[in-house]
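Residue numbers (our numbering): 1293 to 1702.
Quick reminder that beta carbons are idealized off the backbone N, C-alpha and C, glycines included.
Every value quoted in this text rests on a predicted model; they were computed, and no experiment measured them.
These notes concern the structure reproduced below.
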Amino acid sequence: MTAGVEARPDKERRALLEVLWIFLRLGVMSFGGPIAHLGYFRAEFVERRKWLDEAAYSDIVALCQFLPGPASSQVGIILGMLRAGFAGGLAAWLSFTMPSALALVAFAYGVGRLGDLSHVAWLHGLKIVAVAVVAQAVWGMAKNLCPDRERATIAVAATLLTLAVPSASGQIGAIVAGGVIGWLFLSSANNATTTPLAVPVGRRMAIASLTLFAVLLFGLPVLAKATANHTIELISSFYRSGSLVFGGGHVVLPLLQQAVVPRGWIDNDAFLAGYGAAQAVPGPLFTFAAYLGAAMKTAPNGWAGGLVCLAAIYLPSFLLLLGALPFWDALRHRAGVQSALKGINATVVGILLGALYTPVWTSAIFAPGDFGLGLLAFLLLVFWRTPPWLIVIFGAGGATVLEGVMYFGD
1293 MTAGVEARPD
1303 KERRALLEVL
1313 WIFLRLGVMS
1323 FGGPIAHLGY
1333 FRAEFVERRK
1343 WLDEAAYSDI
1353 VALCQFLPGP
1363 ASSQVGIILG
1373 MLRAGFAGGL
1383 AAWLSFTMPS
1393 ALALVAFAYG
1403 VGRLGDLSHV
1413 AWLHGLKIVA
1423 VAVVAQAVWG
1433 MAKNLCPDRE
1443 RATIAVAATL
1453 LTLAVPSASG
1463 QIGAIVAGGV
1473 IGWLFLSSAN
1483 NATTTPLAVP
1493 VGRRMAIASL
1503 TLFAVLLFGL
1513 PVLAKATANH
1523 TIELISSFYR
1533 SGSLVFGGGH
1543 VVLPLLQQAV
1553 VPRGWIDNDA
1563 FLAGYGAAQA
1573 VPGPLFTFAA
1583 YLGAAMKTAP
1593 NGWAGGLVCL
1603 AAIYLPSFLL
1613 LLGALPFWDA
1623 LRHRAGVQSA
1633 LKGINATVVG
1643 ILLGALYTPV
1653 WTSAIFAPGD
1663 FGLGLLAFLL
1673 LVFWRTPPWL
1683 IVIFGAGGAT
1693 VLEGVMYFGD
């Protein structure tokens, strides 16, 4: 009995350290934005480590597409929770977020005076790698989630809709439509048995989390106005931005600009400089909040301000996930919901396919050499099973070589 009790904490400790290390590595190498992050997660946890199956992963992605906040970060938090409980979710977020957050805080201190990095060859190579990573995700998910003409049609329709309406409303509308079509028209006769997710959250905690989310959303502005405390006002502004944005990091930028620039907390030139720096770092774009907090004109600023703003913008995601997960896991076992999820998962494939074109492809593939490098990266990922971190090195080095060849060719 004693040996078993001792073995369990040791196993939990190993699982937690595993989550920390894997997500730290992903946080350092995951360039390309949220859609690419989902591709990296799928390659690492579905294909390589088999922590969960394709259907469960797609259900998690679908849930995070519904919720406000940074979808890729939320998927990472759930994966960490499933592996190592609450501590695993926090560890996954911390490891995946901190590399870019620390880099952006350092930039706010003036370390980023290296100039505009947007045209550096190695950074362009990382964008090309993102094309291959997203293409791999679409390829693998389509084979499993769109195996018949009905679901393939839903996926293509979702792609066309999201390209025609390139906003969060287009994505959410496509997901809702896919769910309704699946529920009404896709047969539930051959629905597969759904593997339960090991969600470490009870319904009481879920309700408490949703209640706290609402209390903070409506209560923080009142408290900030009543106390005239700058720190509370700062937390309130970033919490509201993290609570109300659908569609990922680029969508939150207008909210943040309206929150910090008109009030004089930071000038517009500094805001835009930080946004440019955020494009050159890996990980989620929501870490831009750390830069803003560090670059504030009044305290809290510096490292303290960066951490305050980063925690405030991500807190809604944690509360919403804790509130939604147990209900989502219960719903996904029902036959009607499984039919709806067939349509939703096909829609997610279509959304990824649309994102593969824009912004991933359109921001990276400009010349035949770019296409060739992306094709080689895709070959190595899909058919040679090369680890993604090696593909990152390959992409950065390959783009640098291509630029050198073009320079000397001219």
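Check: Can you name, in chain order, every residue of its own chain whose Cβ lies under 7 Å from the Cβ of Gly-1380, other than the five neighbours on each side?
Finding: Ala-1307, Leu-1308, Val-1311, Gly-1372 and Met-1373
Notebook entry, point to check: What is the DSSP secondary structure of Asp-1721, counted as helix, strand or coil?
Noted result: Shown here, the chain extends from 1293 to 1702; a query on residue 1721 therefore has no answer.
Next item on the list: Can you tell me the Cβ-Cβ gap for Ser-1609 and Gly-1361, rounded? I've got them flagged as a contact below 8 Å.
Entry: Going by Cβ atoms, the distance from Ser-1609 to Gly-1361 rounds to 4 Å, so yes, they are a contact pair.
Checklist line | CB of Ala-1586 within 8 Å of CB of Leu-1418, strictly | finding: no
Notebook entry, point to check: If you scan the region 1456 to 1483 from start to end, which runs of the alpha helix (DSSP H) of 4 or more residues do you find wholly inside it?
Noted result: 1460 to 1477
Check: How would you label Gln-1550, buried or exposed, when you count the other beta carbons within 10 angstroms and need 16 or more for buried?
Finding: Answer is exposed; the Cβ neighbour count stays below 16.
Margin query: Restricting to Cα atoms, I'd like to know which of Phe-1505, Gly-1462, Arg-1443 and Leu-1452 is closest to Trp-1475.
Written below: Arg-1443
Note to self: In chain order, what are the residue ranges of uninterrupted alpha helix (DSSP H) at least 4 long that sit wholly in the region 1389 to 1459?
What the structure shows: 1413 to 1437 and 1441 to 1456
Notebook entry, point to check: Would Cys-1438 pass as a contact of Ala-1647 if the rule is Cβ separation under 8 Å?
Noted result: No, the pair does not count as a contact, with Cβ atoms beyond the cut-off.
Notebook entry, point to check: Should the region 1321 to 1332 be called in touch with the region 1619 to 1636, which here means at least 3 C-beta pairs below 8 Å?
Noted result: Result no; under three Cβ-Cβ pairs closer than 8 Å.
Next item on the list: Drop a sphere of 10 angstroms on the beta-carbon of Val-1697, count the other beta-carbons inside from all chains shown, and report buried for 16 or more, exposed for fewer.
Entry: Burial call: exposed.
Note to self: Output needed for Phe-1505: all residues of its chain with C-beta closer than 7 Å, excluding positions within five of it in sequence on either side, in chain order.
What the structure shows: Around Phe-1505: Pro-1608, Leu-1611, Leu-1612 and Gly-1615.
Note to self: Helix, strand or coil for Thr-1523? Go by DSSP, reduced to three states.
What the structure shows: In the three-state scheme derived from DSSP, where H, G and I count as helix and E and B as strand, Thr-1523 is classed as helix.
Check: With a CB to CB cut of under 7 Å and the five nearest residues on each side skipped, what residues in its chain are close to Asn-1436?
Finding: Glu-1346
Next item on the list: Just tell me which of Leu-1682, Val-1674 and Glu-1695 has its CA closest to the CA of Met-1433.
Entry: The shortest C-alpha separation from Met-1433 is found at Val-1674.
Checklist line | Three-way DSSP call (helix, strand, coil) for Met-1321 in this model | finding: helix
Check: Hey, quick one: how far does the alpha helix (DSSP H) through Asn-1637 stretch, first residue to last?
Finding: Per DSSP, Asn-1637 belongs to the alpha helix (DSSP H) from 1627 to 1647.
Notebook entry, point to check: Among Arg-1334, Phe-1580 and Ser-1350, which residue has its Cα nearest to the Cα of Ala-1570?
Noted result: Ranking the options by Cα distance to Ala-1570, first place goes to Phe-1580.
Next item on the list: Give the DSSP-derived three-state secondary structure of Leu-1359 in the structure shown.
Entry: Residue state, collapsed to three classes: coil.
Next item on the list: Kindly confirm or deny that the region 1456 to 1470 and the region 1629 to 1645 touch, where touching means at least three C-beta pairs closer than 8 Å.
Entry: yes
Notebook entry, point to check: Taking the C-alpha atoms as reference points, what is the distance between Leu-1344 and Arg-1375?
Noted result: 10 Å
Margin query: Quick check on this structure: which residue in His-1411, Ser-1350, Ile-1420 and Ile-1352 has the alpha carbon closest to the alpha carbon of Val-1652?
Written below: Ile-1420
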